[in-house]
Structures are given as C-alpha cells and as structure tokens.
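Enquirer: First residue of the sequence shown: 1326, per my numbering; consecutive thereafter. Glycine included, every Cβ here is placed at the ideal spot set by N, Cα and C. Structure provided below as structure tokens; questions to follow.
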Amino acid sequence: MSGNIYTKSGNIKGEANKCRDIRADYRVICRVVEGGSKVLDLGCGNGDLLDLLRKEKNVKSQGIELKEAAIFQCVEKGISVFHMDFDSGLASFTDKSFDVVILNQSLQETLHVEYVLQEALRVGRRVIVGFPNFAYIRARVQLFFGGRTPVTNALPHLWYNTPNLHFLSISDFEKYVKDRGINVLGRYYYTGRREVRFFANLMAMDAIFVICEM
C-alpha cells in the first residue's frame, strides 16, 4: 500500500462500488482491508463494521467490546466478540496473530494510548487507526471565537459528558509515529463523505492511518 490514491473526482481510486454508499470511515476501511483477512476490531461497538467486512471482504473477524448492550448487538449479527477492556492489553493473543487490527474512533477513548498501540502493533501485521481531528477548522473557529470546548460532528459531546480522554490532531499523530519509528502505509482524510487531499490538518474532520512496525 502506498497511501492515498485519488481519481480526479476525489474518490479513492479502485474503491469497490459496493462500499461507496456507506459512512466515510467504513468506506475507507473496506477499501484498505484485503479479502479473507483475519481482523481484530478493538472497540467494535455494535459490530456494524465487522459485519460489513465479513459480508464484503469475507474476513475472519473478532471483536473486543466493553459495553454489554453493544455486545448483544454483535451477537445478534453473529459476530464473535470478547467482553473485555483492551486498555488492559491483549495478552490472550499471540504476536502477529491477525492480519489487521482496527482502532477506529476508539483510540481517543483509551486510557493508555501508547500501551494499546504497542499491543495492537504486536498482535497485528497492520493496524488501522481512525480518529477525529481536533485541529479541524470548525473546531479552531469555535475555540478561538467562542472560547469554549468545540462541538462538531466528529466531536459531538460537551466537555462534561465526552467519552474522549485525549484530543489529538493529524499533526500530533504524524509526529507520534515519526518519533517512534512506526511505519505509515497509508493516510486517508475526510470530512463527512468528502475526501480531503490538501491541508488535511486544517480541512479534515477525521483521519485514518494504516501503520505497522518497521
């Protein structure tokens, strides 16, 4: 994988039509994950992403989720899911036991970011990390002119009820992986359903990175 590849229309080149009409992050992940992969989703929620990957990419899926209501929804979809807190580590999984480990919209909610990323990189050959970009222009405008914690589509909660423990930008994550010698295989930026190709740290509401160990 060589990172973002775009057609003139701004869509990811070669993206399967069957993944075209779903939410942007799922669409990107659907494009990135190879058919038949063994996939572990950390914080899989109600299982919609794994259900999509299973149907469209024939993956062998495993989820980890803490919320019992979400686990019941996974079970109803026939998705294998462990009830556990991945903040405590992934000791039950051996090195490189998965082709892909997914941390989509869950990294900012983890207590021990570095430990979770280290464990994900240990267990997976590739790790897909998706997160809201706190440096998105609308967040900057709200903070600058309003003087209050921003509320956007990507950061919809108020300061007192947000599940987010960490607020990071695209530039923050770029520096993080560079400083630790983590290899970036792909970068995908989007706002709503629109792919962002320029000034991503300013113009993208969300980001997805595909990383692996050197």
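Please identify the residue among Val1364, Ile1453, Tyr1514 and Arg1463 whose C-alpha is closest to the C-alpha of Asn1508.
Expert: For the purposes of this step, residue 1508 is identified with residue 183 of the sequence shown, where counting begins at 1. That would be Ile1453, whose Cα lies nearest to the Cα of Asn1508.
Enquirer: What number of angstroms, rounded off, separates the C-alpha of Gly1517 from the C-alpha of Ile1536?
Expert: Numbered from its first residue, the sequence shown carries residue 1517 at position 192. Numbered from its first residue, the sequence shown carries residue 1536 at position 211. Each residue's alpha carbon lies about 23 Å from the other.
Enquirer: Can you look up Phe1524 in the DSSP assignment and give me helix, strand or coil?
Expert: Looking up residue 1524 in the sequence shown gives position 199. Coil at Phe1524, not helix or strand.
Enquirer: Just the C-alpha distance for Phe1492 and Pro1457, rounded to the nearest angstrom, thanks.
Expert: Taking the sequence shown and counting its residues from 1, the one referred to as residue 1492 is at position 167. Taking the sequence shown and counting its residues from 1, the one referred to as residue 1457 is at position 132. Cα-Cα distance, rounded: 8 Å.
Enquirer: How about Asn1429 and Gln1398: do their beta carbons lie closer than 8 Å?
Expert: Translated into the one-based positions of the sequence shown, residue 1429 becomes position 104. Translated into the one-based positions of the sequence shown, residue 1398 becomes position 73. For Asn1429 and Gln1398, no; Cβs fall outside 8 Å.
Enquirer: Please go through the same chain and pick out, in chain order, the residues whose beta-carbon is closer than 8 Å to the beta-carbon of Val1406, but skip the five residues on each side of it.
Expert: On the sequence shown, position 81 is the one that residue 1406 refers to. Result list for Val1406: Cys1369, Gly1372, Gln1387, Gly1388, Ile1389, Glu1390, Ile1396, Cys1399 and Val1400, in chain order.
Enquirer: Exposed or buried, Gly1335, counting other C-beta atoms within 10 Å across all chains shown (16 or more means buried)?
Expert: Stepping through the sequence shown from its first residue, residue 1335 is reached at position 10. Residue placement at Gly1335 is poorly supported in this model, since its pLDDT is 35, which falls under 50; the coordinates are not used for a value here.
Enquirer: Among Arg1522, Ala1464 and Tyr1515, which residue has its Cα nearest to the Cα of Arg1352?
Expert: Taking the sequence shown and counting its residues from 1, the one referred to as residue 1352 is at position 27. The option with the nearest alpha carbon to Arg1352 is Tyr1515.
Enquirer: Judging by CA-CA distance, which residue of Ile1404, Glu1444, Val1521 and Ile1462 is the nearest neighbour of Leu1377?
Expert: If you number the sequence shown from 1, residue 1377 lands on position 52. The shortest Cα separation from Leu1377 among Ile1404, Glu1444, Val1521 and Ile1462 belongs to Ile1404.
Enquirer: In the DSSP assignment, find the unbroken beta strand (DSSP E) run with Tyr1501 in it and report its ends.
Expert: Within the sequence shown, the letter at position 176 stands for residue 1501. Unbroken run through Tyr1501 is the alpha helix (DSSP H), Ile1495 to Asp1504; no beta strand (DSSP E).
Enquirer: Using alpha carbons as the reference points, say which of Val1502, Ser1494 and Ile1462 lies closest to Met1528.
Expert: Here residue 1528 is taken as the residue at index 203 of the sequence shown, counted from 1. Of Val1502, Ser1494 and Ile1462, the residue nearest in Cα terms is Ile1462.
Enquirer: Using CA coordinates, which residue listed in Leu1510, Val1521, Met1530 and Arg1356 is at the minimum distance from Arg1451?
Expert: What you label residue 1451 is simply residue 126 of the sequence shown in a count that begins at 1. The candidate whose alpha carbon is nearest that of Arg1451 is Leu1510.
Enquirer: How would you write the range of the beta strand (DSSP E) that Phe1534 sits in, first residue to last?
Expert: Taking the first residue of the sequence shown as 1, we reach residue 1534 at position 209. Taken as a continuous stretch (DSSP letters only), the beta strand (DSSP E) holding Phe1534 covers Asp1531 to Cys1537.
Enquirer: Pull up the distance between the alpha-carbon of Glu1381 and that of Val1364, whole angstroms please.
Expert: Stepping through the sequence shown from its first residue, residue 1381 is reached at position 56. Stepping through the sequence shown from its first residue, residue 1364 is reached at position 39. Those two C-alpha atoms are separated by around 13 Å.
Enquirer: Do you know offhand how far Phe1534's Cα is from Tyr1513's?
Expert: Taking the sequence shown and counting its residues from 1, the one referred to as residue 1534 is at position 209. Taking the sequence shown and counting its residues from 1, the one referred to as residue 1513 is at position 188. Rounded to the nearest angstrom, the two C-alpha atoms are 6 Å apart.
Enquirer: With distances taken Cα to Cα, identify the nearest neighbour of Leu1436 among Asp1412, Ala1416, Ser1362 and Lys1392.
Expert: The residue labelled residue 1436 in the question sits at position 111 within the sequence shown. Of the candidates Asp1412, Ala1416, Ser1362 and Lys1392, the one whose C-alpha sits nearest the C-alpha of Leu1436 is Asp1412.
Enquirer: For Ala1525, I'd like the list of residues in its chain whose CB is within less than 6 Å of its CB, leaving aside the five on either flank, ordered along the chain.
Expert: Mapped onto the sequence shown, residue 1525 falls at position 200. Closer than 6 Å at the Cβ level, and outside the excluded window around Ala1525, lie Ile1495 and Tyr1514.
Enquirer: Specify the secondary structure class of Lys1421 as computed by DSSP and reduced to three states.
Expert: Translated into the one-based positions of the sequence shown, residue 1421 becomes position 96. Three-state result, Lys1421: coil.
Enquirer: Since Asp1424 and Ser1362 are thought to touch, with beta carbons under 8 Å apart, how far apart are those beta carbons, to the nearest angstrom?
Expert: Translated into the one-based positions of the sequence shown, residue 1424 becomes position 99. Translated into the one-based positions of the sequence shown, residue 1362 becomes position 37. Indeed they touch by this definition, with Cβ atoms about 4 Å apart.
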